[in-house]
Amino acid sequence: MYQQGDVFPHWTHRIIGDDSTNQAAAALLRRLFRSGLLREYRACLYRNRGIPGVRQALLINLGSPVGDADALGKQQSLWLVEQPNRKLFLYGQDRCCSPTQVGGVVLHGKPVLEPDSDWMGALAKSLAARVLRTQAQGGASVSTHQATALGVLARVEHAILHTAIDAFSKGLNADTLAILRREGHGDWATYNFYLDAVGNPHRNRLQAAHSFPFFSQALRDDWRLRREVDRGVPLLRTLAEVHQISPRTIQHCRYFEPARIGQDHHSTLLRQLDQLPADYLPKTDDDHRVFQALWQPLVDLACVLQRDVLELAAPFAQGWEQGQRALADKLGAGLDFDVIYAFARATYRYSVYPALKAELAKRGQLAAVAEDPPLAFFAAWFGQVGLRRLAQMALQWRDAYRQFSLERLGLRGAEEAASLDWLPVVGGAADHSHGNYRVIELTSHQALELEGREQEHCVASYAVKCLTGDSALFSIRERATGKILSTFEVDLRRGRPLLVKHYAQGNQTPEPALQAVAERFVRRVMEPTPIQRIAAVRDARRCAGAPVIHRLDTPDSQESELTAQEQQRLAEMLAFTYPREARRSSVARFLEGKYLLNQFLLKPRIDAKQSDPANAA
């Protein structure tokens with residue numbers, strides 16, 4: 008007879024936040040237990056229990072499927088198994104299991120050893136959804152707020168999975184787990200790669216991963232590199248030959264953390280590094296830190312401006328850390344690419360766009376002008392401007408617009424002006440990039456105004472909620488162009504950050520990809536933020552906002568439209584951005600001279616019936 012394993016029940020994981028959140032979790036669990044539909048435990052760890060062919064095994068009960076909409080399909084059990092030879096496997100079964108039924112269909116590509124992975128978060132949410140949908144089918148009411156109940160139960164489920172995986176991992180090799188965490192991989196197959204045939208740590212492979220962390224995936228996937236690693240021969244020249252770059256570049260990449268730079272960008276970064284002159288290569292640890300933070304934004308900006316990235320990177324020729332300090336001293340502020348993108352887009356929206364419309368109307372041309380700046384605009388307008396000058400222009404616009412916004416609100420004093428900026432809950436926007444998207448925290452009334460006008464919604468009125476410490480507002484933008492895609496609100500009052508609203512342009516529902524980015528950001532960035540940090544930020548915001556809170560609109564109020572005089576003033580504030588040729592002639596002639604005017608005009612839509620040859624006949 009098999010002995011009972013170590014169970015991980017729901018009730019012992021009800022402590023998930025502050026007192027109110029914990030009370031809500033306890034109340035919800037009581038109702039679910041009374042319904043009889045919630046299992047006594049979600050996971051059970053069997054270790055040294057005499058199960059044949061198993062060193063330790065973690066059983067995760069998934070519950071019963073609840074229809075075609077079930078994200079887990081027909082699966083009812085997961086087995087994470089460590090065999091006597093220390094190798095791991097993850098199995099899935101479509102039935103409830105006991106220790107006599109270890110096994111099933113092997114599941115590949117699941118980061119089961121990474122409790123904080125997106126996959127684990129989605130699994131916890133699916134488990135909670137199964138419980139609540141089963142409850143609803145039974146006719147019982149779980150909560151008047153189903154979304155809140157789902158969020159609370161998902162956090163409980165995630166806590167159980169986290170504890171269970173941590174307990175299972177204590178029996179694994181610590182050095183191998185450290186490699187996986189450094190790489191950002193939690194797949195069982197990756198763990199197995201670092202073990203030899205008898206289950207001992209594979210010294211050559213572990214040493215290679217320690218020495219060349221940036222190339223760890225290549226060391227696993229490329230057969231030539233695997234052969235050299237297993238032979239124990241030096242890897243520098245082989246790595247250079249495989250990637251077709253110089254050994255010098257390989258040496259510099261040894262400083263990079265693989266989890267920080269997306270795998271999709273590895274090959275591009277290697278080619279760019281290989282072409283860098285010696286002066287631009289990072290030389291110290293501080294240089295590498297600054298380089299990793301600035302290089303990809305510089306590449307993106309260079310692509311948008313159609314410039315050589317080295318031309319933009321000129322301030323860093325004598326060292327990246329030294330260049331960053333010198334640039335900050337000259338600007339009086341840190342280099343902020345988001346401010347640059349916002350400035351460039353504002354130049355088009357408030358100055359170039361209305362000027363081009365007026366000029367074409369004066370000519371009698373009825374073609375509609377694109378409201379969103381074409382990609383060609385950035386290179387045409389700012390393509391000859393250096394990085395330092397571009398940053399100075401962006402700061403000049405930011406300060407001028409702040410004054411414009413204050414005057415519209417009727418505020419004059421320095422204290423009142425300072426009150427319209429508030430502390431961020433999270434910092435370091437570069438760390439919040441995900442694929443082609445960036446998440447930016449909006450931390451001023453001016454930022455909310457600009458966001459609301461471009462997105463055509465009332466987010467500017469949410470400054471009150473930010474200054475009372477109730478909410479934090481974030482913008483999802485295209486990484487390469489800074490285009491605003493959607494805006495979301497995170498509630499800070501519930502003991503844990505909670506995504507409550509998310510809108511695209513015109514209050515439309517955002518695309519699923521954008522919703523996934525917002526959910527990932529809240530789960531991976533906001534939720535780990537210490538409660539003490541959030542409480543301190545809320546207190547500081549309330550204190551700072553006291554002088555102006557009564558002068559702001561209530562939430563969901565529509566912002567007053569800009570008058571003709573205000574529009575003219577904004578255009579004049581941005582006149583300093585015009586290239587010399589545009590000042591001499593006009594915007595339209597400047598664009599015609601560069602053969603770009605047609606890219607700024609919207610093509611007329613042709614009615615399908617009119618375009619049908621049969622109708623024409």
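The numbering of the sequence shown is our numbering, which starts it at 8 and goes up by one.
Quick reminder that beta carbons are idealized off the backbone N, C-alpha and C, glycines included.
Span of the beta strand (DSSP E), counted from its first residue to its last, around residue i
i      : result
Gly99  : Leu95 to Gln100
Cys51  : Ala50 to Arg54
Gln63  : Gln63 to Asn68
Ala511 : Leu505 to Ala511
Val88  : Ser84 to Glu89
Glu448 : Tyr444 to Leu449
Ile483 : Ser478 to Glu485
Residue i to residue j span [Cα, whole Å]
i      : j      : result
Ser150 : Ala553 : Bear in mind that the predicted position of Ser150 carries a pLDDT of just 42, short of 50, making it too unreliable to give a figure here.
Tyr287 : His273 : 18 Å
Pro304 : Ala204 : 44 Å
Tyr48  : Ile172 : 15 Å
Leu416 : Gln329 : 41 Å
Tyr585 : Phe597 : 10 Å
Cys550 : Ser564 : 23 Å
Ala582 : Arg278 : 39 Å
Glu566 : His192 : 46 Å
Ala185 : Asn207 : 16 Å
Ala540 : Arg233 : For the record, residue 540 in the displayed sequence is Arg; it is not Ala. Taking the straight line joining both Cα atoms gives about 45 Å.
Gln375 : Gln574 : It is worth fixing the name first, because residue 375 is Ala in this sequence and not Gln. Looking at the two C-alpha atoms, the distance is approximately 19 Å.
Ala543 : His169 : 28 Å
Ser124 : Leu130 : 10 Å
Leu506 : Pro537 : 17 Å
Arg2   : Leu499 : Within the shown structure, residues of the chain are numbered from 8 to 624, placing residue 2 beyond reach of any answer.
Ala147 : Pro16  : For Ala147, the pLDDT reaches just 49, beneath the cut-off of 50, and the residue's location in the model is therefore unreliable, although a value from the coordinates is still provided. Answer to the nearest angstrom: the Cα atoms are 22 Å apart.
Ile556 : Gly339 : 29 Å
Asp379 : Leu430 : 30 Å
Sequence-distant residues of the same chain with beta carbon closer than 7 Å to residue i, five excluded per side
i      : result
Val532 : Val433 and His439
Leu397 : Ile347 and Phe389
Lys290 : Gly326
Val594 : Val359, Ala362, Leu363 and Glu366
Thr19  : none
His259 : Leu280, Leu288 and Pro289
Ala215 : Leu226, Val236 and Leu242
Gln462 : Ile491, Thr494 and Gln512
Residue from the options with nearest C-alpha to residue i
i      : options                           : result
Gly99  : Gly116, Arg93, Asn92 and Pro91    : Gly116
Pro83  : Phe323, Gly110, Arg576 and Trp126 : The sequence shown places Gln at residue 83, not Pro. Cα-wise, what sits closest to Gln83 is Gly110.
Pro504 : His295, Gly476 and Gly206         : Gly476
Leu36  : Phe607, Glu164 and Pro72          : Glu164
Phe385 : Arg558, Tyr201 and Leu603         : Leu603
Arg558 : Ile541, His452 and Ala285         : His452
Asp194 : Ala131, Ser593 and Val113         : Val113
Val306 : Pro535, Ser592, Pro562 and Thr488 : Thr488
Arg352 : Leu120, Ser71 and Ala401          : Ala401
Leu187 : Thr197, Arg332 and Gly178         : Thr197
Glu190 : Arg227, Leu608, His169 and Thr155 : Arg227
Asp294 : Lys369, Arg548, Leu430 and Gln331 : Gln331
Cys104 : Ala320, Tyr53 and Lys472          : Tyr53
Ala520 : Glu485, Gln251, Arg314 and Ala543 : Glu485
Ala324 : Leu283, Leu130, Val507 and Lys508 : Leu283
Val497 : Tyr262, Arg527 and Ile252         : Arg527
Ser27  : Thr570, Arg501 and Lys508         : Arg501
Thr107 : Gly60, Thr354, Glu463 and Leu394  : Gly60
Phe344 : Gln391, Pro381 and Gln399         : Gln399
Same chain only: Cβ atoms within 6 Å of residue i, ignoring 5 sequence neighbours per side
i      : result
Glu89  : Arg62, Gln63 and Leu95
Glu588 : Phe597
Val524 : His441, Tyr444 and Ile483
Cys51  : Gly12, Val14 and Leu66
Leu455 : Leu449, Val466, Ala467 and Ala470
Asp619 : Because Asp619 sits at a pLDDT of 49, beneath the cut-off of 50, its placement in the model cannot be relied upon, and the point is left open.
Minimum Cβ-Cβ distance from residue i to chain B less than 7 Å
i      : result
Arg261 : Checking the listed chains, one finds no chain B in this structure; it contains a single protein chain.
Residue i, enclosing alpha helix (DSSP H) - first and last residue
i      : result
Ala578 : Ala571 to Met580
Leu373 : No alpha helix (DSSP H) holds Leu373; DSSP gives it neither H nor E.
Asp498 : Taken as a continuous stretch (DSSP letters only), Asp498 belongs to no alpha helix (DSSP H), being part of the beta strand (DSSP E) at Ile491 to Asp498.
Val14  : That residue, Val14, is in no alpha helix (DSSP H); its beta strand (DSSP E) goes Asp13 to Phe15.
Pro519 : Pro519 to Phe528
Residues near residue i by beta carbon distance below 8 Å, same chain, minus five either side
i      : result
Ile23  : Asn29, Ala32, Val159, Arg162, Val163, Ala166 and Arg503
Ala578 : Tyr357, Ser358, Pro361 and Ala362
Contact test: residue i Cβ vs the ligand GDP heavy atom, cutoff 6 Å
i      : result
Leu492 : The ligand GDP is absent from the structure shown, which contains no ligand whatsoever.
Segment contact flag, the stretch 404-415 with the stretch 507-514, C-beta cutoff 8 Å, min 3 pairs: no
contact_flag[the stretch 126-140, the stretch 158-166] where n(CB pairs < 8 Å) is 3 or more: yes
Touch test, the stretch 61-73 against the stretch 25-36, Cβ-Cβ under 8 Å, three pairs minimum: no
Taking three-plus beta-carbon pairs below 8 Å as touching, is the stretch 294-314 in contact with the stretch 353-373? no
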